[in-house]
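Numbering (this note's numbering), first residue to last: 238 to 335.
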């Protein structure tokens with residue numbers, strides 16, 4: 238039972254981060270830590286997975302008040318497509334969702 242709860246929370250956090258990234262034009266990991274209140278380690282792991290899966294892409298270095306410049310990234314709208322087809326007796330409708 239503990240594994241199912243852990244998996245649920247992992248997926249919940251991943252969706253939370255992805256929604257936040259989609260809502261912004263460009264963001265950084267530190268910005269996500271502040272806005273989602275998830276730990277820095279959790280954000281690093283989730284953004285790495287999202288990058289590996291192609292959902293987000295690196296856009297360059299951001300500005301920093303002090304210390305290391307943050308790496309910025311944005312949502313990749315071309316990551317996945319949904320294609321559906323509905324066939325009726327007299328017509329066919331095709332939808333492509335990006």
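Cβ coordinates follow ideal geometry from the N, Cα and C atoms, glycine included.
Can you give me the Cβ contacts of residue i inside the same chain, cut-off strictly under 6 angstroms, excluding the 5 residues immediately before and after it?
i	result
residue 263	296, 309 and 311
residue 323	330
In its own chain, which residues sit with a C-beta less than 7 angstroms from the C-beta of residue i, not counting the 5 before and 5 after it?
i	result
residue 316	291 and 292
residue 250	275, 279 and 283
Run the CB neighbour count on residue i, radius 10 Å, all protein chains shown included, and call it buried at 16 or more, exposed below.
i	result
residue 327	exposed
residue 303	exposed
residue 287	buried
Check the C-beta distance from residue i over to residue j and give it rounded, since I have them as a contact under 8 angstroms.
i	j	result
residue 307	residue 266	7 angstroms
- request: Decide yes or no for the touch test of the region 240-258 against the region 271-288: beta carbon pairs closer than 8 angstroms, at least 3 of them.
  value: Segments in contact, yes.
- prompt: What are the complete beta strand (DSSP E) segments, minimum 3 residues, inside the region 280-307?
  reply: Taken in chain order, the complete beta strand (DSSP E) segments of 3 or more residues contained in the region 280-307 are 293-298.
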